[in-house]
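Inspection log for the structure reproduced underneath, given as structure tokens.
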Amino acid sequence: MTAIGEEVGRLLDVLGVDRTIWTDGSMPALTPLTGEQVGMVRVADAADADAGLNQAVAAFRAWRAVPAPRRGELVRLFGEELRAAKDDLAALVTIEAGKIPSEGAGEVQEMIDICDFAVGLSRQLYGLTIATERPGHRMMEVWHPLGVVGVISAFNFPVAVWAWNAALALVCGNSVVWKPSEKTPLTALAVQAIFARAAARFGDAPQGLSQLLIGGREVGEALVDDPRVALVSATGSTRMGRAVAPRLAQRFARAILELGGNNGVIVAPSADLDLALRGVAFGAMGTAGQRCTTTRRLFLHDRIYDEFVARLKAAYASVAVGNPLAGEVLVGPLIDRAAFEAMQEALAAARAAGGIVHGGERVGEGASFYVRPALIEMPGQVGPVLEETFAPILYVMRYDDLDAAIAQHNAVAAGLSSAIFTTDLREAERFLAASDCGIANVNLGTSGAEIGGAFGGEKETGGGRESGSDAWRQYMRRATNTMNYSDALPLAQGVSFDL
Ligand code: UN1
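Here it is in structure tokens:
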């Protein structure tokens, strides 16, 4: 056993994961830090999925009858357990997803934050009371639990995105079945163990309220196609969403889709360039460019282009890349070889399209894939700039007219996150009014959204919204109830039907 393998074992023991689940299986668990195998995880087969869904349906039937504030108590306890486990779970996120420690900790903090939000929400699942046109009547909306919620999550936020869904789904009275990325099964197992502790403290949570189905595509398809699953919340590529959406629509299931992003930043001539530099650097290089909110396109006004590119180049040349367990770094590894190859293809395509590439080289060798982030000066928005490559590549372009820059900004398929750096109020408001993304910011970057807002994007990003604001409504069904407390039966729209 290597040092990192031993550390994984120690963390999983501390977090309370049964060794047989992650040592005796058939699916290797890898760490991108070194590329080595750190576990052999059991996968769910069709019979496991079937039994799990039956249990999830039974759990839902029991859970829906529990008052929402009491359901919130379970999520409150889960938040407490997460606080206690924060350091260990964050360390496991670093090992399994390759995040630097502060981002690993941030990811677990995001879980804690959504738990807090959901606890408050458990007393605020409000419906409207609506004026009726009929005397002696009352009309109201009541929100009911939905059923079994399927969550399909991606490697890059291996635990937080599940928590966004699960914390809301649970206070709303649903059961949750989770298919994590095949690249990150260990953090998912750890989260289930943490949840089990909260459920034990809670006392009478139904069996199977929160379940894990580890496996590949077939497990995801089982959730997507099964009529027992009322809602599927899926995070991943636009390609995945294109496969999933019609299948859900076919059976009229609900979908929350969180797909690709191709996020742009505009830096205007009036911008505070120190701020812009930090915002762009974190947005583009943070998480090694593997967030769906990563900044991928940068539009620089002619007047600041040379200065800003020079400063960016210096930042790109000096940023520390490497194994986050081996020293202070800001950029960890890509998730795997396929990610590295996709990045190299994008760099070649950018060169072919006339781009000037700074950085992008591989650092080190072997089974892990570290790269220097790439800054590419592009003659225009062509070729790979139009696509999302899940790697630290920032395409830089010039503009002289803000409206033209905003038009370019919007001229891509995805519509997740966007930002402008400016101190000109008119420019800021023009941008906010025109950006076609689900997230639009002024004087901060595209990534690192907090949980209080609704998170998600338009166009090929899929249109879903998760976490804060009123995203909870998607995890419930609305009934319009009209109550007649008079002794007459007036018909709406003045219709008469006298027997
Ligand atoms: C994702 O990359 O899938 O806004 C989610 C952010 C994070 C979530 C990203 N809070 O960057």
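Numbering (this note's numbering), first residue to last: 1 to 499.
Heads up, the beta-carbon is just placed ideally off N, CA and C, and yes, glycines get one too.
Predicted model only: the values in this text are computed from it and were never measured.
As assigned by DSSP and simplified to three states, the class of Met-378: Within the sequence shown, residue 378 is the residue found at index 378, counting from 1. It is coil, neither helix nor strand.
Close beta carbons around Pro-269, own chain, < 7 Å, minus the five adjacent residues each side: Walking along the sequence shown from the start, residue 269 turns up at place 269. Closer than 7 Å at Cβ, skipping near neighbours: His-301, Arg-303 and Ile-304.
Neighbour-count burial assignment, Glu-107, 16 or more Cβ in a 10 Å radius: Stepping through the sequence shown from its first residue, residue 107 is reached at position 107. Buried, by the Cβ-count rule.
CA nearest to the CA of Phe-252, picked from Val-229, Phe-78 and Ile-266: Sequence index remark: in the sequence shown, residue 252 carries index 252 (1-based). If we check each option's Cα against that of Phe-252, Val-229 comes out closest.
Entirely enclosed alpha helix (DSSP H) segments - the region 104-180, minimum 4 residues: 160-171
Spatial neighbours of Ile-451 in its chain, beta-carbon cut-off 8 Å, leaving aside the 5 residues before and after: In the sequence shown, residue 451 corresponds to position 451, counting from 1. The residues Glu-110, Asp-113, Ile-114, Phe-117, Trp-164, Ser-467 and Gly-468, in chain order, have a CB closer than 8 Å to that of Ile-451 in the same chain once the five nearest residues on each side in sequence are set aside.
Cα-Cα separation between Ala-288 and Pro-392, rounded to whole angstroms: Mapped onto the sequence shown, residue 288 falls at position 288. Mapped onto the sequence shown, residue 392 falls at position 392. It is roughly 5 Å from the alpha-carbon of Ala-288 to the alpha-carbon of Pro-392.
Beta strand (DSSP E) segment containing Phe-299, residue limits: One-based indexing of the sequence shown puts residue 299 at position 299. From DSSP, the beta strand (DSSP E) with Phe-299 extends over 295-301.
Close beta carbons around Met-40, own chain, < 8 Å, minus the five adjacent residues each side: The sequence position of residue 40 within the sequence shown is 40, counting from 1. Here the set comprises Trp-22, Thr-23, Asp-24, Gly-25, Ser-26, Met-27, Pro-28 and Ala-29.
Asn-262: CB within 8 Å of a non-hydrogen atom of ligand 1: Working through the sequence shown from its first residue, we reach residue 262 at position 262. No, ligand 1 has no heavy atom inside 8 Å of this Cβ.
Cβ pair Ala-449, Thr-295 closer than 9 Å: By 1-based counting over the sequence shown, the position of residue 449 is 449. By 1-based counting over the sequence shown, the position of residue 295 is 295. The answer is no: Cβ separation not under 9 Å.
Helix, strand or coil at Ala-435 according to DSSP, with G and I counted as helix: Position 435 of the sequence shown, counted from the first residue, corresponds to residue 435. Just to set this straight, residue 435 is Ser in the shown sequence, not Ala. Correct three-state label for Ser-435: coil.
Glu-466 in three-state terms, based on DSSP: The residue labelled residue 466 in the question sits at position 466 within the sequence shown. Looking at Glu-466 - three-state DSSP - the assignment turns out to be strand.
Val-14 - containing alpha helix (DSSP H), residue span: In the sequence shown, residue 14 corresponds to position 14, counting from 1. Per DSSP, Val-14 belongs to the alpha helix (DSSP H) from 3-15.
Simplified DSSP state of Asn-323, which is helix, strand or coil: For this step, residue 323 is matched to residue 323 along the sequence shown. Three-state DSSP puts Asn-323 in coil, outside helix and strand.
Ala-449 CB to nearest heavy atom of ligand 1 below 8 Å: If you number the sequence shown from 1, residue 449 lands on position 449. Yes, Cβ of Ala-449 sits closer than 8 Å to a heavy atom of ligand 1.
Any non-hydrogen atom of ligand 1 within 8 Å of Val-161 CB: By one-based count along the sequence shown, residue 161 stands at place 161. Taking 8 Å as the cut-off, one finds at least one heavy atom of ligand 1 near enough to the beta carbon of Val-161.
Alpha-carbon to alpha-carbon, Asp-272 and Gln-408: Here residue 408 refers to the residue found at position 408 when the sequence shown is read from its first residue. Here residue 272 refers to the residue found at position 272 when the sequence shown is read from its first residue. Looking at the two C-alpha atoms, the distance is approximately 22 Å.
Gln-211 beta carbon less than 9 Å from that of Val-171: As a position in the sequence shown, residue 171 is number 171, starting the count at 1. As a position in the sequence shown, residue 211 is number 211, starting the count at 1. Taking 9 Å as the Cβ cut-off, Val-171 and Gln-211 do not qualify as a contacting pair.
Ala-51 - containing alpha helix (DSSP H), residue span: For the purposes of this step, residue 51 is taken as residue 51 along the sequence shown, with counting starting at 1. From DSSP, the alpha helix (DSSP H) with Ala-51 extends over 46-63.
Pairwise C-alpha distance: Thr-2 and Gly-457: Within the sequence shown, the letter at position 457 stands for residue 457. Within the sequence shown, the letter at position 2 stands for residue 2. About 42 Å.
Proximity test, Asn-156 beta-carbon vs ligand 1 heavy atom, cut-off 8 Å: Start at 1 with the first residue of the sequence shown, and residue 156 comes out as number 156. Yes.
Paired residues, beta bridge with Leu-489 - DSSP: As a working mapping, residue 489 is identified with position 489 in the sequence shown. None; Leu-489 has no bridge partner.
Alpha-carbon to alpha-carbon, Val-495 and Ala-44: Here residue 44 refers to the residue found at position 44 of the sequence shown. Here residue 495 refers to the residue found at position 495 of the sequence shown. Between Ala-44 and Val-495, the C-alpha separation is close to 57 Å.
Thr-293 Cβ short of 8 Å to ligand 1 heavy atom set: Mapped onto the sequence shown, residue 293 falls at position 293. True, at least one ligand heavy atom lies under 8 Å from that Cβ.
Cβ neighbour criterion (16 or more within 10 Å) applied to Glu-460: Looking up residue 460 in the sequence shown gives position 460. Buried.
heavy atom of ligand 1 below 8 Å from Ser-181 C-beta: The count along the sequence shown starts at 1 and reaches residue 181 at position 181. No - ligand 1 has no heavy atom lying nearer than 8 Å to the Cβ of Ser-181.
Inter-residue Cα distance where the pair is Glu-427 and Asp-274: In the sequence shown, the residue the question calls residue 427 occupies position 427. In the sequence shown, the residue the question calls residue 274 occupies position 274. Their Cα atoms are separated by approximately 19 Å.
CA-to-CA distance, Ser-181 to Gly-9, given in whole angstroms: Residue 9 sits at position 9 when you count from the first residue of the sequence shown. Residue 181 sits at position 181 when you count from the first residue of the sequence shown. One C-alpha to the other measures close to 20 Å.
Inter-residue spacing [alpha-carbon to alpha-carbon] between Val-159 and Asn-481: Taking the first residue of the sequence shown as position 1, residue 159 is located at position 159. Taking the first residue of the sequence shown as position 1, residue 481 is located at position 481. In a straight line, the C-alpha of Val-159 is about 38 Å away from that of Asn-481.
Per-residue DSSP class, three states only, for Phe-455: In the sequence shown, counting from the first residue as 1, residue 455 sits at position 455. Strand, per DSSP.
Simplified DSSP assignment, three categories, for Arg-291: Within the sequence shown, numbered from 1, the residue matching residue 291 stands at position 291. Arg-291: coil per DSSP, three-state reduction.
Cα-Cα separation between Val-331 and Gly-127, rounded to whole angstroms: Here residue 331 corresponds to residue number 331 of the sequence shown, with the count starting at 1. Here residue 127 corresponds to residue number 127 of the sequence shown, with the count starting at 1. Roughly 45 Å separates the two Cα atoms.
Length of the line joining the Cα atoms of Pro-69 and Gly-366: As a first step, residue 69 must be located in the sequence shown, where it is residue number 69. As a first step, residue 366 must be located in the sequence shown, where it is residue number 366. Taking the straight line from one Cα to the other gives about 52 Å.
Enclosing alpha helix (DSSP H) for Ile-393 [first to last residue]: Taking the sequence shown and counting its residues from 1, one reaches residue 393 at position 393. Careful: Ile-393 lies outside any alpha helix (DSSP H), inside the beta strand (DSSP E) at 393-399.
Residues sharing a beta bridge with Asn-500, DSSP: Since the displayed the chain opens at 1 and closes at 499, residue 500 lies outside it and no answer follows.
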